[in-house]
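Heads up: the sequence shown is residues 13 to 215, going by the working numbering. For glycine and all other residues, C-beta sits at the position ideal for the given N, C-alpha and C. From a predicted model like this one, the values you see are computed outputs, not experimental measurements.
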Amino acid sequence: MSTRDAILARLKGAAPDKAEADALLVAPERPAVDERALEAEFLARLALPSVSASHDAIDSIADLPAAVARYLDAQGEARTLCLPPDPRLSACDWCGFTLHDVAAPDEAAALAIARKGIAESGSLIFETSPQAPMLPNFLALHHIVLLPVEDIAAHLEAAPLAGAQPRAHYWITGVSGTTDIEGTYVRGAHGPRFLHVILLRQQ
């Protein structure tokens with residue numbers, strides 16, 4: 013029997029072996045995560061070269077404008093920000109900022125709220141809605157993300173999106189990169205060049 017025939021025979025045969033299925037959940041398929049320290053686990057992945065994101069933390073959403081200003085100042089950027097029309101953000105005091113909600117092709121910075129964070133990979137989950145447009149998150153040079161600590165899940169399969177589902181949702185793990193041009197790594201080739209996550213420790 014050829015290898016092809018053997019594979020097809022297995023597909024047509026009995027149900028998959030449970031031990032084989034269970035083995036897929038064992039490392040390295042599923043990285044170990046300390047569920048008692050999800051914030052630390054998430055930040056450790058966020059700092060990996062493959063993700064290459066910076067971070068900050070705030071105790072209250074009222075502290076968000078100061079954290080964003082701190083980041084933009086450190087990057088030498090003007091305090092100009094594409095801000096989605098989310099009521100949680102509009103309640104903040106953005107005095108000193110120039111705000112708009114439509115992103116330009118050369119947008120310097122855009123802010124978004126992640127629906128979930130994934131500790132095993134440092135990934136962020138976003139949804140689309142009238143209050144959460146997708147385009148600014150891919151046009152801006154600096155993608156600034158607010159993530160409530162309580163919304164960090166341990167593993168990919170442990171992050172169900174509760175409640176009404178958005179028309180679409182998407183996952184981001186760090187900034188994009190490519191080595192297509194002469195084998196030289198180019199950061200942010202297909203989107204933002206910098207990712208900065210601001211953890212919100214209290215709602």
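C-alpha of residue 183 to C-alpha of residue 13: approximately 42 Å in a straight line. A direct Cα-to-Cα measurement between residue 152 and residue 144 gives close to 15 Å. The region 203-211 makes contact with the region 66-84, as at least three CB pairs between them are under 8 Å. For residue 101, the enclosing alpha helix (DSSP H) begins and ends at 99-102.
Along the region 115-153, the alpha helix (DSSP H) occurs as fully enclosed runs of 4 or more residues at 148-151, listed in sequence order. Cβ neighbours of residue 161 within its own chain (closer than 7 Å, five residues either side excluded): 51, 211, 212, 213.
Burial is judged here by how many other beta carbons sit within 10 angstroms of a residue's own beta carbon; residue 155 has at least 16 and is buried. Around the beta carbon of residue 107, a 10 Å sphere encloses fewer than 16 other beta carbons of the protein chains shown; the residue is thus reported as exposed. For the pair residue 91 and residue 23, the Cα-to-Cα distance works out to about 58 Å. Per DSSP, the unbroken beta strand (DSSP E) holding residue 68 starts and ends at 66-70. Annotation: the continuous beta strand (DSSP E) that includes residue 212 extends over 206-212.
Contact between residue 163 and residue 128 holds: CB atoms are separated by about 5 Å, below the 8 Å threshold. By a beta-carbon distance limit of 8 Å, residue 101 does not contact residue 84. Their separation comes to about 15 Å. DSSP, reduced to helix, strand and coil, places residue 20 within a helical segment of the structure shown. Our two residues, residue 56 and residue 31, have alpha carbons roughly 31 Å apart in a direct line.
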